[in-house]
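Worksheet: the structure to be examined is printed underneath.
Numbering (the UniProt record's numbering), first residue to last: 1 to 238.
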């Protein structure tokens, strides 16, 4: 089975639609969402609707937790975006978000938004040392995570976590932490949308970068009255 792994959409409908189109070409059979459907972008309702109707697995991100009042808002700009989202989002989607779990786990795979050691903590995995701590206590061979908006993989070795930066790799043997990157707000100096494909039969992961109309997405942010810095970040991929 080919599973699309998406994360950090952040209400960017333009990017999501481009990823959806690519997933159709890839003949994706299931889609899993790692959280942060909302905030920053101008289309929280449309993005929530698509996730609810098309993702077989979806979990909470820190922005959903902030919306529900379960996590602290960490900056004035984030707070401005969140206040806009609260005024814009339909009560239907707030009720949907309330049903989402913090983590999902099956026999071989787990997913979490931020850090598998402390789900909901907003602790970033940005280096091998932090990845090693998670990998050593990981209960599944594969854990998908988001939050950093940077596509990367870590594999546990005898000396700790080793970084995997290639776009295609096997997960047949070993223990892995994999971030598919962000659909709606990449932060690796590449504005292209990012998502992952997990082939459960072949046991491999592919990370794809997808072009979309970034300028149109940025324009929608400005027209909605959201902070201009969010539009600038899309253009620069930061």
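Where is the CB? At the ideal position from N, CA and C, for every residue including glycine.
With H, G and I counted as helix, E and B as strand and the rest as coil, what does DSSP make of residue 55? Here residue 55 refers to the residue found at position 55 when the chain shown is read from its first residue. Here DSSP, grouped into helix, strand and coil, assigns residue 55 to coil.
Q) Hey, would you say residue 171 sits closer than 7 Å to residue 19, going by beta carbons? A) Taking the chain shown and counting its residues from 1, one reaches residue 171 at position 171. Taking the chain shown and counting its residues from 1, one reaches residue 19 at position 19. Contact: no.
Exercise. Hey, quick one: how far does the alpha helix (DSSP H) through residue 88 stretch, first residue to last?
Worked result: Residue mapping note: residue 88 aligns to position 88 of the chain shown, counting from 1. Residue 88: member of the alpha helix (DSSP H) spanning 76-88, first to last residue.
Practice task
Return the bridge partner residues of residue 156 from the DSSP annotation.
Solution key: As a first step, residue 156 is located in the chain shown; it is residue number 156 there, counting from the start. Residue 156 pairs with 161.
query: Quick one: is residue 208 near chain B, going by C-beta distance under 7 Å?
result: Structure shown: chain B not included; a single protein chain is present.
query: So, is residue 240 buried or exposed, given that buried needs 16 or more other C-beta atoms within 10 angstroms?
result: The question about residue 240 has no answer here: the residues shown for the chain are numbered 1 through 238.
- [ ] Confirm, please, whether the CB-CB distance from residue 33 to residue 6 is below 7 Å.
- [x] Residue mapping note: residue 6 aligns to position 6 of the chain shown, counting from 1. Residue mapping note: residue 33 aligns to position 33 of the chain shown, counting from 1. Yes; because the gap between Cβ atoms is below 7 Å, this pair is in contact.
Note to self: What I want to know is whether the C-beta of residue 147 ends up closer than 6 Å to one or more non-hydrogen atoms of the ligand ATP.
What the structure shows: The ligand ATP is absent from the structure shown, which contains no ligand whatsoever.
Here's the rule: buried if 16 or more other CB atoms are within 10 angstroms of the residue's CB, otherwise exposed. What is residue 154?
Counting from one through the chain shown, the residue named residue 154 turns up at place 154. Its Cβ being crowded by 16 or more others within 10 Å, residue 154 is buried.
Just to check my reading of the structure: residue 192 and residue 175 have Cβ atoms closer than 8 Å, yes? What is that Cβ distance to the nearest angstrom? If you number the chain shown from 1, residue 192 lands on position 192. If you number the chain shown from 1, residue 175 lands on position 175. Not a contact, Cβ separation roughly 29 Å.
Residue 37 beta carbon less than 7 Å from that of residue 57: Against the chain shown, residue 57 aligns to sequence position 57. Against the chain shown, residue 37 aligns to sequence position 37. Cβ distance not < 7 Å, so residue 57 and residue 37 don't count as in contact.
Residue 14 and residue 141 look like a contact to me (Cβ under 8 Å); what is the Cβ gap, rounded to whole Å?
Counting from 1 along the chain shown, the entry for residue 14 is found at position 14. Counting from 1 along the chain shown, the entry for residue 141 is found at position 141. No, residue 14 and residue 141 are not in contact; Cβ-Cβ is about 35 Å, not under 8 Å.
- Assign residue 89 to buried or exposed, taking buried as 16 or more other Cβ atoms, counted over all protein chains shown, within 10 Å of its Cβ. Position 89 of the chain shown, counted from the first residue, corresponds to residue 89. Burial of residue 89 is indicated by the presence of at least 16 other C-beta atoms within 10 angstroms of its C-beta.
Original post:
Exposed or buried, residue 8, counting other C-beta atoms within 10 Å across all chains shown (16 or more means buried)?
Top reply: Counting from 1 along the chain shown, the entry for residue 8 is found at position 8. When all chains shown are included, residue 8 counts as buried.
Q: Rank 181, 139, 168 by C-alpha distance to the C-alpha of residue 147 and give the top, closest one.
A: The sequence position of residue 147 within the chain shown is 147, counting from 1. With respect to the C-alpha of residue 147, the residue from 181, 139, 168 having the closest C-alpha is 181.
### Task
Please name the residue or residues paired with residue 169 in a DSSP beta bridge.
On the chain shown, residue 169 is found 169 positions in, with the first residue counted as 1. Within the DSSP bridge table, the entry for residue 169 names 205 as partners.
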